[in-house]
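Numbered according to this note's numbering, the sequence shown spans residues 70 to 396. Positions of the beta carbon are idealized from the N, C-alpha and C atoms, including for glycine. Since the model is a prediction, treat every value here as computed from it, not as a measurement. Working notes, beginning with the structure itself.
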Amino acid sequence: MQLRTPLALLGAALLVLVGPPLLTPGSGSETGTQIPGLRFMVPNTPGGGYDITARTAAKNAEDAGLTHTIEVFNLPGAGGTVGLSRLVSEHGNGRLAMSMGLGVVGAVRSNDAPKTLADTTPIARLTEEQDVVVVAKDSPYKTIDELVGAWKDDPGELPVGGGSAPGGPDHLAPMLMAQAAGIAPKDVNYIPFDGGGELLASILGDKVAFGVSGVGEYLDQIRAGELRLLAVTGPKRVAGLDAPTLQEAGYDVNFTNWRGIVAPPGLTEAERDKLTRLIEELHDSPQWRQSMKQNGWDDAFLTGDAFGDFLDAQDRRVVSVLKELGL
């Protein structure tokens with residue numbers, strides 16, 4: 070017994086030394102946000118909006134001490150529906166989530182995908198942002214009116230690129246823009262790319278006359294002068310950027326995109342609640358607030374069943390707009 074007593078005291082001392090760091094504020098232990106082995110899937114190529122959102126969220130969550138070592142990986146294809154199919158196949162996997170948005174809603178419709186967002190577990194809508202209408206720095210079009218004038222003269226000869234499949238935001242925005250300018254949407258030469266990263270190379274390489282994508286995806290290129298910003302699609306100008314809204318320019322378009330997080334089906338209530346709690350804590354963190362400001366994202370936070378209802382409404386909206394446009 071005399072030999073055990075010093076060992077017991079040493080063990081107790083070690084527990085005192087090791088224990089406190091596990092319970093320090095910001096570690097995620099108090100709120101139960103630690104999810105070891107958590108992975109964020111991005112259903113398109115690197116550099117696009119889903120990719121930027123997922124990587125930003127992962128870094129912010131780690132920096133805020135909410136969880137550790139989130140793996141972000143890309144699984145592109147078919148406008149996001151390849152990733153969606155993979156997500157749905159991971160039934161009951163509480164360590165997987167997918168970054169997504171309106172583009173996936175549209176891709177499900179345009180690709181007649183066998184799996185839909187109704188097959189997933191809705192976690193949260195995170196952000197809303199405007200699309201931007203951009204051209205390469207050496208483009209002959211200096212203003213939105215110059216671009217639209219040439220577009221109206223021969224729509225087929227001025228291809229427009231977007232980082233989403235037909236029915237997605239980067240497709241719907243220029244179609245609505247065409248309609249407002251008096252161009253038949255069916256005459257528009259729209260070229261889809263699997264995310265903003267692929268689209269950027271085609272804009273800079275003059276393979277499309279202009280591109281439409283999320284403001285957060287191209288802020289750096291706009292500020293660096295590699296892209297010329299002609300207009301934004303939402304209801305107000307973007308702070309720090311010198312470009313009118315389409316409405317200001319005389320085109321009756323008011324369009325915004327959004328992004329969120331969904332998880333596989335079959336999660337237990339505890340797994341769903343823990344993942345939701347992590348995203349709620351992320352949303353309230355100063356790190357995320359700063360990232361939203363830097364990327365030009367507006368807060369559009371919505372969780373759980375309310376987000377599920379929103380997804381249903383968005384699906385109906387996409388069908389309605391495509392029908393209205395004759396597409």
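List the residues that DSSP assigns as beta-bridge partners of Tyr320.
-> Answer is none; Tyr320 lacks a bridge partner.
Straight-line CA distance for Val204 to Asp384?
-> 30 angstroms
For the region 317 to 330 and the region 227 to 245, state whether three or more C-beta atom pairs, one from each stretch, are separated by less than 8 angstroms.
-> yes
Measuring CB to CB, does Leu310 end up less than 8 angstroms from Ile291?
-> yes
Buried or exposed: Pro183, going by 16 or more other Cβ atoms within 10 Å of its Cβ?
-> exposed
Starting from the C-beta of Glu140, find all residues in its chain whose C-beta is less than 6 angstroms away, skip the five residues before and the five after it, and write them out in chain order.
-> Arg108
Rounded straight-line distance, which links the Cα of Ala369 to that of Leu76 | Residue placement at Leu76 is flagged as unreliable, the pLDDT there being 38, under the threshold of 50; the coordinate-derived value follows with that caveat. Distance between the alpha carbons of Leu76 and Ala369 is about 55 angstroms.
In the DSSP assignment, what are the bridge partners of Met244?
-> Per DSSP, none; premise fails for Met244.
With DSSP collapsed to three states, give me the class of Ala382.
-> helix
Given Val387 as reference, the closest of Asn162, Arg164, Ala176 and Gly294 once Cα atoms are compared = Ala176
For Gly106, the nearest candidate out of Asn129, Leu165, Val202 and Asp132 (CA to CA) | Leu165
Whole angstroms is fine: what's the gap from Thr190's alpha carbon to Val174's?
-> 15 angstroms
DSSP state of Thr136, grouped into three classes?
-> coil
Starting from Arg328, follow the alpha helix (DSSP H) in both directions and report where the run begins and ends.
-> Run containing Arg328: none in the alpha helix (DSSP H); it sits in the beta strand (DSSP E), Thr325 to Ala332.
Close beta carbons around Leu347, own chain, < 7 angstroms, minus the five adjacent residues each side | Thr102, Ile104, Ala130, Leu135 and Thr136
Where are the beta strand (DSSP E) runs, 3 residues long or more, that stay fully inside the region 143 to 210, in chain order?
-> 165 to 170 and 190 to 205
Answer with buried or exposed for Gly225, where buried requires no fewer than 16 other C-beta atoms within 10 angstroms of its C-beta.
-> exposed
Do you know how far the Cα of Ser154 is from the Cα of Pro228?
-> 30 angstroms
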